[in-house]
Amino acid sequence: DAGVTQSPTHLIKTRGQQVTLRCSPISGHKSVSWYQQVLGQGPQFIFQYYEKEERGRGNFPDRFSARQFPNYSSELNVNALLLGDSALYLCASSSLQGLGANVLTFGAGSRLTVL
Amino acid sequence: AQSVTQPDIHITVSEGASLELRCNYSYGATPYLFWYVQSPGQGLQLLLKYFSGDTLVQGIKGFEAEFKRSQSSFNLRKPSVHWSDAAEYFCAVGSYSGGGADGLTFGKGTHLIIQP
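Quick note, the sequences are listed as chains A and B, same order.
Each residue of the first sequence is one higher than the one before, starting from 1 at the first, in the numbering used here.
Each residue of the second sequence is one higher than the one before, starting from 116 at the first, in the numbering used here.
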């Protein structure tokens, strides 16, 4: 079975531009989460979606938005890019089978560079 | 708010030697604890998890971790490291929903270097 797939793998943008990152979860997984990993740091939680609804949001500005589609894939959008948005963006999926059983499987990430 | 501290930014170990990576957490209730490994340019791979029960948990690649509530620790161990273990290791804590609505909180990571 395919794992979590993310696209694009690398991209370069300039300040003020907008970016869309895409994620396809593991087949059968209904939950998708997004994390930002700045170089040298651990990942930080941005969003979680389950059954197309936002279920959780981390401490990120409104420039960050996301959505989940009927096939459970997801997009992360970042508007008005800042230099500090340069990071590896990780998508993770889970089956969310119940409380405590939400083990995340991560994709390889999308490396965003903002110039 | 929950938090995770990994006190060691870098650790160097000789191949074949034992390894212990430290992790301390702060969380008001029984935590859900995870160790992930990240190779350069890759995503995160789950090594092991603790939800409840036996405080010594076994994971993949010969790793194990012990949950000590009194010390708020979840240290990762391996009896004999291999050169392929060189990577970044992250400890994480989940909320009661197991990393659902609140997401996982990660430490800053420990970079493991293996000496031949």
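Note that CB positions come from ideal geometry on N, CA and C, so glycine has one too.
Three-state secondary structure assigned by DSSP to residue i
{"i": "residue 115/A", "result": "coil"}
{"i": "residue 90/A", "result": "strand"}
{"i": "residue 15/A", "result": "coil"}
{"i": "residue 154/A", "result": "Any answer about residue 154/A is impossible in this case: the structure gives chain A only from 1 up to 115."}
{"i": "residue 73/A", "result": "coil"}
{"i": "residue 148/B", "result": "strand"}
{"i": "residue 104/A", "result": "coil"}
{"i": "residue 164/B", "result": "strand"}
{"i": "residue 199/B", "result": "helix"}
{"i": "residue 192/B", "result": "strand"}
{"i": "residue 185/B", "result": "helix"}
{"i": "residue 175/B", "result": "helix"}
{"i": "residue 56/A", "result": "strand"}
{"i": "residue 209/B", "result": "strand"}
{"i": "residue 83/A", "result": "helix"}
{"i": "residue 22/A", "result": "strand"}
{"i": "residue 124/B", "result": "coil"}
Residues that residue i contacts on chain A, provided the C-beta gap is smaller than 7 angstroms
{"i": "residue 182/B", "result": "Neighbours of residue 182/B on chain A: none; closest Cβ ~14 angstroms, over 7 angstroms."}
{"i": "residue 205/B", "result": "42"}
{"i": "residue 223/B", "result": "41, 42"}
Integer-rounded CB distance, given that residue j should sit under 8 angstroms from residue i
{"i": "residue 172/B", "j": "residue 164/B", "result": "7 angstroms"}
{"i": "residue 95/A", "j": "residue 10/A", "result": "About 29 angstroms; that fails the 8 angstroms criterion."}
{"i": "residue 218/B", "j": "residue 58/A", "result": "6 angstroms"}
{"i": "residue 107/A", "j": "residue 205/B", "result": "With a Cβ gap of about 16 angstroms, residue 107/A and residue 205/B do not count as contacting."}
{"i": "residue 117/B", "j": "residue 225/B", "result": "At roughly 19 angstroms, the Cβ-Cβ gap does not stay under 8 angstroms, so residue 117/B and residue 225/B are not in contact."}
{"i": "residue 161/B", "j": "residue 176/B", "result": "About 11 angstroms separates the two Cβ atoms, so there is no contact after all."}
{"i": "residue 47/A", "j": "residue 56/A", "result": "7 angstroms"}
{"i": "residue 112/A", "j": "residue 158/B", "result": "Their Cβ separation, rounded to whole angstroms, is 15 angstroms, which puts residue 112/A and residue 158/B out of contact at 8 angstroms."}
Interface residues of chain B facing residue i [CB-CB closer than 9 angstroms]
{"i": "residue 90/A", "result": "158, 159"}
Environment of residue i [buried if 16+ CB atoms lie within 10 Å]
{"i": "residue 132/B", "result": "exposed"}
{"i": "residue 84/A", "result": "exposed"}
{"i": "residue 38/A", "result": "exposed"}
{"i": "residue 76/A", "result": "buried"}
{"i": "residue 88/A", "result": "buried"}
{"i": "residue 6/A", "result": "buried"}
{"i": "residue 170/B", "result": "exposed"}
{"i": "residue 44/A", "result": "buried"}
{"i": "residue 220/B", "result": "buried"}
{"i": "residue 222/B", "result": "buried"}
{"i": "residue 229/B", "result": "buried"}
{"i": "residue 144/B", "result": "exposed"}
{"i": "residue 167/A", "result": "Outside the shown range of chain A (1 to 115) lies residue 167/A, about which nothing can therefore be said."}
Partners in chain B for residue i, counting only beta-carbon separations shorter than 7 angstroms
{"i": "residue 106/A", "result": "158, 159"}
{"i": "residue 103/A", "result": "161, 164"}
{"i": "residue 109/A", "result": "158"}
Within chain B, partners of residue i - CB distance below 8 angstroms
{"i": "residue 60/A", "result": "Per Cβ cutoff of 8 angstroms: no residues; residue 60/A is ~11 angstroms from chain B at best."}
{"i": "residue 45/A", "result": "217, 218, 219, 220"}
Per-residue contacts from residue i into chain A (C-beta, under 9 angstroms)
{"i": "residue 193/B", "result": "By Cβ distance, chain A contributes nothing, its closest Cβ being about 20 angstroms from residue 193/B, past 9 angstroms."}
Any non-hydrogen atom of the ligand ADP within 7 angstroms of residue i CB
{"i": "residue 181/B", "result": "Absence of the ligand ADP from the depicted structure is noted, as is the absence of any ligand whatsoever, leaving it without description."}
Inspect the CB distances between the stretch 63-73 of chain A and the stretch 132-146 of chain B and report whether three or more fall short of 8 angstroms. Result no; under three Cβ-Cβ pairs closer than 8 angstroms.
Could you tell me whether the stretch 183-197 of chain B touches the stretch 14-22 of chain A, using the rule of 3 or more Cβ pairs below 8 angstroms? no
Closer than 8 angstroms is the cut-off here; do at least three beta carbon pairs connect the stretch 79-99 of chain A with the stretch 8-18 of chain A? yes
Determine, using beta-carbon pairs with one atom in the stretch 21-37 of chain A and one in the stretch 116-132 of chain B, whether at least three such pairs fall under 8 angstroms. Fewer than three beta-carbon pairs drawn from the stretch 21-37 of chain A and the stretch 116-132 of chain B are found closer than 8 angstroms, and the two stretches are therefore not classed as touching.
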